[in-house]
Amino acid sequence: MRPALRIAIIDDDESVRKSLRRLLVASGLEAVEFASGRAFLEALASGAFDCALIDFNMPEMRGIDVLKEMAARGIDLPAIIITSYDEPHLQSQCLASGAHAYLHKPLDGKRLLLVIADATATRSRGGD
Amino acid sequence: MEIAHRLSLGSGSSNSRALRVAAFVCVAYYLGTKLGLSMTFRPLPISILWPPNAILLAALLLLPPRSWWIAIAAALPAHVAAEIQGGVPFTMAMGWFASNCSEAIIGASAVLLLTRGEPLRFDSFRHVGAFMVGGAFLAPFVSSFLDAGLVRLIAWGEGAYWELWRARFFSNVLSELTIVPVIVGWAATDFAALRAAPASLQVETGVFTLGLIAVMALVFETDVGLPAAAPALLCAPVPFLIWAAVRLGPRGTSTSLLAIVFMVGWGVIHGQGPFVKTSPAESAIAVQLFFTVLAIPLLLLAAVLGERERTLANQQRMEREAEEQKNRMTHLARVALLGELTGALAHELNQPLTAILANAQATERLLSADTVNVVEMREIVGDIVADDLRAAEVIRRLWKLLKRGETQMQPIDANALAREVLHLVQGDLLGRKIVATARLAEDLPQVRGDRVQLEQVLLNLVTNACDEMAATLPADRHLVLATQTCGLDRIRISISDHGPGVDPALLEALFEPFFTTKPQGLGLGLSVSRSIVTAHHGRIWAENQPGGGATFIVELPASREAS
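Chains A and B, in that order, are what the protein sequence lines are. Take the first sequence: its letter number 53 is residue 56 in the working numbering, and every next letter is one higher. Take the second sequence: its letter number 507 is residue 534 in the working numbering, and every next letter is one higher.
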């Protein structure tokens with residue numbers, strides 16, 4: 004049996020991260036919370052993830068900065084940016100910086116799982 | 028002023044108004060002549076009051092000079108009819124018409140000259156003075172020479188030239204003083220507004236009228252048995268006239284004065300009241316002098332008080348308008364701010380909504396499993412409740428920010444206000460990579476003010492500071508919100524940015540309405556902020572910091588209430 008997908012949730016808002024973790028776990032995934040992009044990038048060295056849900060609007064490192072840092076370090080991990088800002092230019096910037104998808108908050112669980120499935124499937128195909 | 032006056036006298040063109048005045052002149056002149064004759068000691072040509080001349084003067088004062096001829100033409104048939112009926116020969120009637128017209132024209136021209144063309148109003152000290160000099164004194168003075176001369180020339184009636192002159196002069200002075208203000212006053216009356224006057228004023232006017240009638244009845248009744256009381260009785264109506272001047276305005280004063288003169292005149296003709304003297308000429312001059320002397324200070328007093336009331340009403344109206352303007356501007360600025368804050372507020376609201384939705388959908392999935400973890404469920408529901416309350420709080424703050432309420436002064440902790448503002452812009456600051464520091468003074472006295480308005484000011488200053496740092500390197504984007512005590516009774520709230528600072532030449536212009544350096548700015552934020560701070564008896568200004576960047580300082584008086 005294939006092990007459960009490990010998803011990293013990066014959001015500075017505790018209640019958002021906690022609820023997303025619950026949703027993913029209840030859907031049969033593994034989820035790990037990070038309060039900042041910095042903490043997530045540090046953890047990347049030791050642990051492996053299948054996908055990252057990254058909040059756009061965080062202090063110090065914004066979601067897009069995390070994407071750029073990942074690209075700079077050559078980390079190939081599907082990332083989904085989640086945001087409250089419905090601004091087309093931010094969306095295109097994020098997608099150009101390597102994000103797999105750009106989702107608006109609040110997130111519908113079904114759609115989120117579909118996007119995660121899509122992101123991870125693409126990856127495994129790409130890895131083959 | 029001219030326009031307002033015209034409008035208050037009724038609608039329609041100046042031509043239709045001239046026709047209305049002409050119709051009034053025709054009727055009033057005729058009745059006025061009859062009334063004058065009824066106040067005449069027949070067969071002597073000595074009249075206590077002679078209304079027609081005053082009616083004609085009032086009509087000219089209500090019309091522009093180019094329409095004067097209409098009023099004069101309207102008076103002619105009335106004059107001829109009344110005089111012929113009174114047994115006056117046609118030549119004499121025409122002679123008197125000439126002298127009457129000359130009086131009205133001299134009076135109206137002199138008043139026009141002295142009021143510099145402004146329409147005459149009796150709630151202006153200057154205008155009343157002009158009327159007294161030009162209309163009530165000069166016009167009868169000059170025209171009486173013509174009148175007496177014509178009487179001697181046509182040789183109708185008796186009396187020496189100077190006697191004729193004197194009798195006509197005093198009679199006409201009293202007529203002008205008492206009748207013109209009544210006609211001009213009532214012509215400018217807005218009757219709809221009069222009906223809408225407060226009930227208390229209507230009751231007062233009623234009590235006043237009844238009281239005046241009662242006192243006048245007493246004056247005539249008492250005189251019969253008590254001649255020694257005559258001087259006191261002479262003055263019995265005076266308190267009522269002062270009452271009128273103080274409470275009922277120029278129109279009420281002149282109307283009651285005229286009513287009293289009519290009553291006294293009627294009494295004198297019928298041999299009743301304290302003014303009856305040994306001869307008709309003496310009685311007439313006694314009434315005329317007494318009321319002329321009384322009318323002058325009364326009309327002036329009513330004018331001064333009316334003027335003061337008018338100034339006060341104007342001032343109140345202007346203050347009200349300024350207040351409304353400020354409210355409108357504040358609202359406008361709030362709407363403008365709303366645009367800038369929409370992103371931040373959407374973020375604030377979406378965070379709890381995201382958590383609620385994820386928690387609810389997680390619960391759905393957990394409930395469909397074989398075993399349900401009650402402890403976890405309880406925890407999730409608790410989180411849902413907390414996030415819902417958080418969302419409600421965001422909405423409450425938004426509502427408070429946008430509400431266009433009345434000013435509500437209350438004691439305010441400026442530190443709490445500063446913290447709340449920083450909380451409100453938190454999302455915005457993050458988005459712009461700005462680090463905000465609060466340096467709040469301990470033991471800061473409270474200020475007295477409108478929480479929403481002051482929050483508005485600080486929000487605006489913080490938003491401006493953020494905008495100013497758009498071009499600053501991210502590492503240098505610091506914003507400091509500080510509070511401090513200033514002297515014994517003032518506090519200061521300052522917002523410092525690390526932007527490019529303000530052009531020293533523009534430090535003051537920043538606060539002008541519609542001054543803006545932002546492409547999309549309305550340029551209202553700082554001007555509204557200044558009007559709010561000024562309304563709180565404080566001041567607001569901008570300074571450049573030596574190390575770069577600008578500081579905006581709001582200084583407010585500390586509340587004297589214990590904090």
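C-beta atoms are modelled at their ideal positions from N, C-alpha and C, and glycine is treated no differently. As the structure is a computational prediction, the values presented were derived from the model and not from experiment.
Rounded to whole angstroms, D14 (chain A) and I85 (chain A) show a C-alpha spacing of 9 Å.
One thing to note: R9 (chain A) has its Cβ no nearer than 8 Å to the Cβ of F37 (chain A). P79 (chain B) sits in a helix when the DSSP states are folded into three classes.
Q483 (chain B) carries a helical assignment under DSSP once its states are collapsed to helix, strand and coil.
If you ignore the 5 residues before and after S151 (chain B), its C-beta comes within less than 7 Å of the C-beta of A330 and E334, all in its own chain and listed in chain order. The beta carbon of L534 (chain B) sits closer than 7 Å to the beta carbons of A569 from its chain, once the five residues preceding and following it are set aside; these are given in chain order. Considering only beta carbons, the part of the segment 385-404 of chain B lying closer than 7 Å to chain A consists of A385, N386, Q388, A389, R392 and L393, in chain order. The three-state secondary structure of V529 (chain B), taken from DSSP, is coil. Under a criterion of Cβ atoms nearer than 7 Å, the residues of chain A adjacent to I407 (chain B) are, in order, R25. Under the three-state reduction of DSSP output, M496 (chain B) falls in the coil class, being neither helix nor strand.
Residue contact check for S39 (chain A) against chain B: no CB pair falls below 8 Å. For A29 (chain A), the residues of chain B that pass the 7 Å Cβ criterion are A389, R392 and L393, in the order they occur in the chain.
With a contact defined as Cβ atoms closer than 8 Å, I522 (chain B) and L506 (chain B) qualify at about 7 Å. The beta carbon of E17 (chain A) lies closer than 8 Å to those of A38 in the same chain, with the five residues before and after it left out. Contact check between the segment 489-506 of chain B and the segment 455-469 of chain B: three or more CB pairs, one atom from each, fall below 8 Å, which counts as touching.
Distances from the alpha-carbon of M61 (chain A) to those of A:A11, A:V69 and A:A55 put A:V69 closest.
For Q315 (chain B), the closest alpha carbon among the candidates B:F196, B:L416 and B:A349 is that of B:F196. Annotation note: the segment 112-177 of chain B contains the following uninterrupted alpha helix (DSSP H) runs of length 4 or greater, listed N- to C-terminal: 117-141 and 152-157. Under DSSP, no beta-bridge partner is assigned to D455 (chain B). According to the DSSP secondary-structure assignment, I407 (chain B) is paired through a beta bridge with no residue.
Secondary-structure assignment with DSSP links W568 (chain B) through a beta bridge to B:I580.
Against chain A, the beta carbon of P379 (chain B) has neighbours under 8 Å at S18, listed in chain order. In this structure, I287 (chain B) sits away from M66 (chain B), with a CB-CB distance that is not shorter than 8 Å.
Annotated as distal: F267 (chain B) and G300 (chain B), with beta-carbon spacing of 8 Å or more.
Beta-carbon to beta-carbon, L471 (chain B) and T510 (chain B) are separated by about 5 Å, close enough to satisfy the 8 Å threshold. Cβ neighbours of R278 (chain B) within its own chain (closer than 8 Å, five residues either side excluded): F149, P208, V209, G212, W213 and T216. Legend: CB atoms of the segment 104-116 of chain A lying less than 9 Å from CB atoms of chain B belong to residues H107, K108, P109, L110, D111, G112, K113 and L115. Residue burial annotation: S198 (chain B) is buried, with at least 16 other C-beta atoms found within 10 angstroms of its C-beta. Residues of the same chain with a CB within less than 6 Å of the CB of L32 (chain A), apart from the 5 flanking positions on each side, are A7, L8 and I10 in chain order. Under the Cβ criterion of 8 Å, K21 (chain A) is counted among the residues facing chain B. 8 Å or more divides the Cβ of I82 (chain B) from the Cβ of A45 (chain B). Within chain B, no C-beta atom comes nearer than 7 Å to that of M73 (chain A); the closest sits roughly 19 Å away. Collapsing the DSSP output to three states places S74 (chain B) in a strand. Contact residues of the segment 438-460 of chain B toward chain A are G454, L457, G458 and K460 (C-beta to C-beta distance below 8 Å). Under the three-state reduction of DSSP output, Q299 (chain B) falls in the coil class, being neither helix nor strand. A413 (chain B) has its alpha-carbon roughly 52 Å from the corresponding atom of Q342 (chain B).
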